[in-house]
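K.L.:
Residue numbering for the sequence shown follows my numbering, beginning at 1 and increasing consecutively.
Virtual Cβ for every residue (Gly too), placed ideally from N, Cα, C.
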Amino acid sequence: MVKLRLKRMGKKGAPFYRIVAADSHFPRDGRFIEAIGTYDPTRHPSAITLDTELAIKWLKNGAQPSDTVRSILSKEGVLKRLHEEKNAK
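The following block contains the structure:
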């Protein structure tokens, strides 16, 4: 199963994360299929960069977002856009 989740990067005490599509059996910081964006919680407000087209592509193909990634996608309006695309058909 493919999951959209966070991959921890950075140094000790100063983390930032890549939002990636990865197989659920891969380690958290290990291999991934494709990078979708970044998330830096140390900045205020949190810095988020996201390729919305890639995120929608993976969600349409059945990828399951983690709780944190689901929250990020919701804040960025990706889930709303996906819902509108599904209902427009």
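Excluding the 5 residues flanking Pro27 on each side, which residues of the same chain have their C-beta closer than 6 angstroms to its C-beta?
P.N.:
If you number the sequence shown from 1, residue 27 lands on position 27. Nothing meets the Cβ criterion.
K.L.:
Look at the alpha carbon of Asp29 and the alpha carbon of Lys11, and state the distance between them as a whole number of angstroms.
P.N.:
Stepping through the sequence shown from its first residue, residue 29 is reached at position 29. Stepping through the sequence shown from its first residue, residue 11 is reached at position 11. Rounded to the nearest angstrom, the two C-alpha atoms are 13 angstroms apart.
K.L.:
Which runs of the alpha helix (DSSP H) at least 4 residues long sit entirely within the segment 60-85? Give them in chain order.
P.N.:
67-76
K.L.:
Per DSSP, what kind of secondary structure is Ile33 in: helix, strand or coil?
P.N.:
Numbered from 1 along the sequence shown, position 33 holds the residue referred to as residue 33. In the structure shown, Ile33 sits in coil (DSSP, three-state: anything other than H, G, I, E or B).
K.L.:
Closest by CA to Ile48, which one among Leu59, Ser24, Leu73, Ala63?
P.N.:
Here residue 48 is taken as the residue at index 48 of the sequence shown, counted from 1. The option with the nearest alpha carbon to Ile48 is Leu73.
K.L.:
Look at Gly37 and Asp23 and say whether their C-beta atoms are less than 8 angstroms apart.
P.N.:
By 1-based counting over the sequence shown, the position of residue 37 is 37. By 1-based counting over the sequence shown, the position of residue 23 is 23. No, the pair does not count as a contact, with Cβ atoms beyond the cut-off.
K.L.:
Put Thr42 into one of helix, strand or coil per three-state DSSP.
P.N.:
One-based indexing of the sequence shown puts residue 42 at position 42. Residue state, collapsed to three classes: coil.
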